[in-house]
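J.: Numbering (mature numbering (1 follows the signal peptide of the UniProt record, and there is no 0)), first residue to last: -24 to -1, 1 to 263.
(1) Go ahead and label residue 101 buried or exposed: buried means 16 or more other beta carbons lie within 10 angstroms of its beta carbon, across all protein chains shown.
(2) So residue 266 and residue 119 are supposed to be a Cβ contact under 8 Å. How far apart are they, rounded?
(3) Could you say which of 136, 61, 173 lies nearest to residue 310 if we only look at CA atoms?
(4) Mind checking which residues open and close the alpha helix (DSSP H) that includes residue 72?
(5) Over the uninterrupted beta strand (DSSP E) stretch that includes residue 251, give me the two end residues.
(6) Measuring CB to CB, does residue 144 end up less than 8 Å from residue 200?
(7) What does the alpha-carbon distance come out to for the pair residue 190 and residue 197?
(8) Rounding to the nearest angstrom, what Cα-Cα distance links residue 192 and residue 163 in this structure?
(9) Pick helix, strand or coil for residue 44, following the three-state DSSP scheme.
(10) Which whole-angstrom value is the C-beta distance of residue 58 and residue 184, which I expect to be below 8 Å?
(11) In or out: residue 23 buried (at least 16 other Cβ within 10 Å) or exposed?
(12) Quick test of your reading: residue 319 and residue 105, contact by CB under 8 Å. State the CB separation rounded to the nearest angstrom.
(13) Taking all protein chains shown into account, decide if residue 25 is buried (16 or more other Cβ within 10 angstroms of its Cβ) or exposed.
(14) Using 8 Å as the threshold, is the C-beta distance between residue 98 and residue 220 below it?
(15) Grab the span of the beta strand (DSSP E) containing residue 198 for me, first residue to last.
(16) Between residue 92 and the ligand FMN, is there a pair consisting of the residue's CB and a ligand heavy atom that are separated by less than 7 Å?
(17) On the DSSP bridge assignment, give the partners of residue 132 in chain order.
(18) Would you identify the three-state DSSP class for residue 121, choosing helix, strand or coil?
(19) Is the beta carbon of residue 222 less than 8 Å from the beta carbon of residue 77?
(20) Pull up the DSSP beta-bridge partners for residue 182, would you.
(21) Helix, strand or coil for residue 191? Go by DSSP, reduced to three states.
(22) Among 259, 242, 253, which residue has its Cα nearest to the Cα of residue 50?
(23) Going by beta carbon distance, what residues of the same chain come within less than 7 Å of residue 88, once the five residues before and after it are set aside?
(24) Comparing C-alpha positions only, which one of 158, 165, 239 sits nearest to residue 129?
(25) DSSP has residue 81 in a bridge; who is on the other side?
(26) Classify residue 90 as buried or exposed, calling it buried when 16 or more other Cβ atoms lie within 10 Å of its own Cβ.
(27) Buried or exposed for residue 150, going by 16 or more other Cβ atoms inside 10 Å?
(28) Can you tell which of 253, 28, 210 has its C-alpha closest to the C-alpha of residue 85?
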C-alpha cells in the first residue's frame, strides 16, 4: 500500500471517529436537556385547608399536620408530575378559591352535599366516617334519639358548613313545627364539647374518631352514642369524606384516585389512621 493511500485511510478513519464522538456527545446532551425540562415542567397544585379540626388538621409550630395533611402528602408522593403546596385559609375561602382558580383542591375532611356536588368535583373517599350524638349522662331524651325528630326541642351548637350542621339545617327547613335550636359558633370543638358538659347545650353531633380523641385528651365527662337507624340514614347517606376539586380538574381527580387506591392498598392510609385515631377508618377499594 502506498504512503498516500495509507494517509488517506488514516484521515478518513479519524473523521468518522470524530463524527461518532460528536453524535454521542450530542445525544447525551439532548437527554440531559430533556430530563431538565421535564423536571421544570412539574404542575403546581395548591391545596387549601381551614386548618382544623384536630386531629384531622392542625398547626404544629409553623407546620400544618394531622390525618388529612399526611394522607394528601402520601398521595402526592406517588404523583411526581405534581408539586403540592398547602395553604391555610378561612373555611369559606376554600370554596371561593376553587371557583376562582386560586386553589385546585380543598382538604378539610369534607363530605358531599347537593350544593357542593353541583359546583365541584370529588375524589374517591379518603375516610370512612362514623358519627356520635354526645350528651350528658342524665339526658334521657338525647340518649333515646333515633331521628332528628327525637331531638326536636333540644339545643345544639356547630360551625357553618360542617356535615352535621348542614343536616340539621335541612331538618329545620323541612320541619318548622319541630325545630332543633341551633347555635352557630366559631368556637373550637373543645369549647363546644365543654358547652355540652356544662349544660349550655343539650347535645352535639360529631365524628366518632374526633370525639374519642377529645374525650381522652381533655378527660370530658360525656356520653358519645354511635348513631343508628333513621338518624344515621339522614346524616350519613354516604358516610365518607373526600378531597374536593375545582370543576376543571378532571385529570387531577383521576390521578389522585389512582394514587389514593395505592395508598390504601399498601397500608399507608391504615398507618396514618392508627397514628391519629387508634383505629383504621380507611375506605376499602377492590383491586
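Glycine included, every Cβ here is placed at the ideal spot set by N, Cα and C. Nothing here was measured: the structure is a model prediction, and the numbers come from that model.
T.: Looking at the coordinates:
(1) Locating residue 101 in the chain shown gives position 125, counting from the first residue. Result: buried.
(2) Here the chain has residues from -24 to 263 only, and residue 266 is not among them.
(3) A query on residue 310 cannot be resolved here, the shown segment of the chain reaching from -24 to 263 and no further.
(4) Taking the chain shown and counting its residues from 1, one reaches residue 72 at position 96. Unbroken alpha helix (DSSP H) run through residue 72: 67 to 76.
(5) The sequence position of residue 251 within the chain shown is 275, counting from 1. From DSSP, residue 251 is part of no beta strand (DSSP E) but of the alpha helix (DSSP H) over 244 to 253.
(6) Taking the chain shown and counting its residues from 1, the one referred to as residue 144 is at position 168. Taking the chain shown and counting its residues from 1, the one referred to as residue 200 is at position 224. Contact: no.
(7) Residue mapping note: residue 190 aligns to position 214 of the chain shown, counting from 1. Residue mapping note: residue 197 aligns to position 221 of the chain shown, counting from 1. Taking the straight line joining both Cα atoms gives about 11 Å.
(8) By 1-based counting over the chain shown, the position of residue 192 is 216. By 1-based counting over the chain shown, the position of residue 163 is 187. If I take the Cα positions, the gap works out to 20 Å.
(9) The residue given as residue 44 occupies position 68 in the chain shown. Of the three classes helix, strand and coil, the one that applies to residue 44 here is helix, per DSSP.
(10) For the purposes of this step, residue 58 is identified with residue 82 of the chain shown, where counting begins at 1. For the purposes of this step, residue 184 is identified with residue 208 of the chain shown, where counting begins at 1. Residue 58 to residue 184, Cβ: 32 Å. No contact.
(11) As a working note, residue 23 is residue 47 in the chain shown. Classification for residue 23: buried.
(12) Nothing about residue 319 can be read from this structure; the chain reaches only from -24 to 263.
(13) By one-based count along the chain shown, residue 25 stands at place 49. Flag for residue 25 reads buried.
(14) For this step, residue 98 is matched to residue 122 along the chain shown. For this step, residue 220 is matched to residue 244 along the chain shown. Against a cut-off of 8 Å, the Cβ pair of residue 220 and residue 98 comes out as a contact.
(15) The residue labelled residue 198 in the question sits at position 222 within the chain shown. From DSSP, residue 198 is part of no beta strand (DSSP E); its letter is neither H nor E.
(16) The ligand FMN is not part of the structure shown, which contains no ligands of any sort.
(17) Translated into positions along the chain shown, residue 132 becomes position 156. 158, per the DSSP bridge assignment.
(18) Mapped onto the chain shown, residue 121 falls at position 145. In this structure, residue 121 counts as coil in the three-state DSSP scheme.
(19) Along the chain shown, read from residue 1 onward, the residue named residue 222 stands at position 246. Along the chain shown, read from residue 1 onward, the residue named residue 77 stands at position 101. Yes; because the gap between Cβ atoms is below 8 Å, this pair is in contact.
(20) As a first step, residue 182 must be located in the chain shown, where it is residue number 206. BP columns for residue 182 point to 108.
(21) In the chain shown, residue 191 corresponds to position 215, counting from 1. The answer is helix: DSSP assigns residue 191 an H, G or I state.
(22) Position 74 of the chain shown, counted from the first residue, corresponds to residue 50. The shortest C-alpha separation from residue 50 is found at 242.
(23) Position 112 of the chain shown, counting from 1, holds the residue named residue 88. Correct list, in chain order: 98, 214, 218.
(24) Position 153 of the chain shown, counted from the first residue, corresponds to residue 129. When each option's Cα is compared against that of residue 129, the closest is 158.
(25) Mapped onto the chain shown, residue 81 falls at position 105. The partner list for residue 81 (beta bridge, DSSP) reads 23, 221.
(26) Position 114 of the chain shown, counting from 1, holds the residue named residue 90. With fewer than 16 Cβ atoms within 10 Å of its Cβ, residue 90 is classed as exposed.
(27) Here the question's residue 150 lines up with position 174 in the chain shown. Label assigned to residue 150: exposed.
(28) In the chain shown, the residue the question calls residue 85 occupies position 109. Here the closest residue by C-alpha is 28.
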